[in-house]
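Please read the structure below before turning to the comments.
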Amino acid sequence: MSHQVSITGQITPDQVPMIAENGFKTIINNRPDGEEPNQPTSAEIAAAAEKAGLAYKEVSFAGSELNQTHVEEFADFFNQAAQPILIFCRTGSRSTGIYEAAKRMDLLDD
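Numbers 2 to 111, taken from our numbering, label the letters of the sequence shown in order.
If you want it as C-alpha cells, here you go:
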C-alpha cells in the first residue's frame, strides 16, 4: 500500500498539536457530532487542526449508514490531501470501513 494512513478512535482538540508533531498533515473525521455526551464537535477539532496547520475534512455517517456518496466524498478529499493522513471515528471501525470501501471500488489514487 502506498498510502500513509493511520486509523484511530475519537481524538480531542487538545491532541491535535501532538498529531501535527507526529508528522500528520491531514485529519479526516468520520464521526457525526452528538453521538455521546461530552464528545468534541467537528468544529472544535477543525479549529484545532487549522491552528496546527493541518488540513481537516468531516465525512461523517452513522455506523450503518455508509453509502456511495460518503465513499466518493471521502475518496475525492483523500486523493488530494497531503499525507500522512489520520482518519478517526468513535472506535476506528467506521473509518476502516470507508477506507476499505474506497479501495475496493478503486477510488483511491496510488
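Ideal Cβ positions, reconstructed from N, Cα and C, are used throughout, including at glycine. Model, not experiment: these values are computed from the prediction.
Spatial distance of G93 from T42 (CA atoms):
17 Å
Quick check: the stretch 60-74 against the stretch 5-21, are there 3 or more CB pairs under 8 Å?
no
Can you give me the start and stop residues for the alpha helix (DSSP H) that I46 sits inside?
43-52
Sequence-distant residues of the same chain with beta carbon closer than 6 Å to Y57, five excluded per side:
I28, A47, A50
Report the CB separation of I8 from S96 in whole angstroms; it is logged as a contact under 8 Å.
5 Å
Buried versus exposed, by CB contacts within 10 Å (16 or more), M2:
At M2 the pLDDT is 45, less than 50, meaning the model places this residue with poor confidence and gives no usable figure here.
Taking its Cβ as the centre, do 16 or more other Cβ atoms sit within 10 Å of N80, making it buried, or is it exposed?
exposed
Decide if N30 is buried, meaning its Cβ has at least 16 other Cβ atoms within 10 Å, or exposed.
buried
F78 versus F62 - alpha carbon distance:
16 Å
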